[in-house]
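The structure appears right after this line, and notes come after that.
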Amino acid sequence: IRKNCPFKIDIGAIFNHKPRIHKSIQPGNFRAESKELVFDIDMTDYDDIRTCCSDANICHNCWTFVKIAIKIIDRALSEDFGFSHRLWVYSGRRGVHCWVCDPQARKLSQSARTAIAEYLTLVKGNDQQLKKVSLKQPIHPSINNALSIIDEYIETLVMEQDYLSSEERCNKLVRCLPRRYSEQLQEDWKARNETSWTRWQRMESVLNKDTDDRTCKEVKLQYSYPRLDVNVTKGLNHLLKSPLCVHPKTGRVCVPINLKEIDDFDPFAVPTVSQLCHEFETRTDGKKDYHCTSLAPYMTTFVHFVTSLQSSSSAQRRKSGATSMDF
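In my numbering, the protein residues as written are 106 to 432.
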């Protein structure tokens, strides 16, 4: 790696033959044998609802979307699917990646990966579609769990994004609602000069008077629920940037994220390659170890993850060996 000095490193599947000789393998005989189950959350997929930034740009305000996404997806992977070894990594620019490394996850077929991605997808439709979330009764427990997480952040999100600060933004939201609500809310909002959060609360009050409370939940989900790149998850041949490499455009290191400190994670405070070089160059004791750099706390998270995965794999091998000895 030091000799070739790649500008980025991507990781894909383990194949039954060396990938560099795949052209010499007969069609159908070259296939992926295992691959981590991966997820990609990219802020550009939120451009229809975030008001602070667009395209590749991010700020602390729109990073709230990422916090919500990580908590919702991680809870589902842990509680709904039983996956234990999940590593969340900052992409180095405008999003995060999740690597699920459980043995059963690595062996999943493309159809199984697609099913998991679709299970976690609620926001559907193109840029021209106004209403992108439609719930059925009874609402699935996983969706209710997601709404509980969203409720922790909804006030902050509405205020940061200022969803209802102008007539244009108000009109955009009410177009997602049944007409019996939209006309009333538009009149109420025009009659009062209120903050986005006060207007949002007024909207919730109106919608929740209905015996069918799906509309209010659909709005919350459309304006905050995770947007996954399904193709990244389902494709066995899809490549994903390696953890701990350097993003070629920002220079930021793709650091692991400690889920216990997710609310304090700052994408703008992660180490950059130039910062690390400076930290090494200015040391007077000659040591060239990550423990002495700003990368140390992130490496602690990574080492803990790898150690846990190795321990689990060793225990599974011992269990398999003991089973094979039974006769």
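Each residue gets a CB set at the ideal place from its N, CA and C atoms; glycine is no exception. All figures in this text were calculated on a predicted structure; none of them were measured in a lab.
{"Check": "Proximity of S399 and P372 at Cβ, strictly below 7 Å", "Outcome": "no"}
{"Check": "P132 burial status per 10 Å Cβ neighbour count (16 or more: buried)", "Outcome": "exposed"}
{"Check": "Close beta carbons around V143, own chain, < 8 Å, minus the five adjacent residues each side", "Outcome": "H202, C203, W204, V205, V337, T338, H343, L345"}
{"Check": "Alpha carbon of F135 to alpha carbon of L341, nearest angstrom", "Outcome": "12 Å"}
{"Check": "Straight-line gap, Q234 to D152 (C-alpha atoms, nearest Å)", "Outcome": "14 Å"}
{"Check": "Whether K236 touches C281 by CB criterion (7 Å)", "Outcome": "yes"}
{"Check": "Reduced DSSP secondary structure (H/G/I, E/B, other) of D179", "Outcome": "helix"}
{"Check": "Coarse secondary structure for V351, derived from DSSP in three states", "Outcome": "strand"}
{"Check": "Nearest to F170 (by Cα), restricted to the options L414, V358, I255, V411", "Outcome": "I255"}
{"Check": "According to DSSP, residues forming a beta bridge with T377", "Outcome": "R357"}
{"Check": "For V201, the three-state DSSP class (helix, strand or coil)", "Outcome": "strand"}
{"Check": "Best match in I362, G200, R285, D334 for proximity to V311 [C-alpha to C-alpha]", "Outcome": "R285"}
{"Check": "CA-to-CA distance, R332 to K314, given in whole angstroms", "Outcome": "29 Å"}
{"Check": "Helix, strand or coil at V143 according to DSSP, with G and I counted as helix", "Outcome": "strand"}
{"Check": "Enclosing beta strand (DSSP E) for R191 [first to last residue]", "Outcome": "191-195"}
{"Check": "Sub-7 Å separation of T406 and P361 beta-carbons", "Outcome": "yes"}
{"Check": "First and last residue of the uninterrupted alpha helix (DSSP H) at A210", "Outcome": "208-211"}
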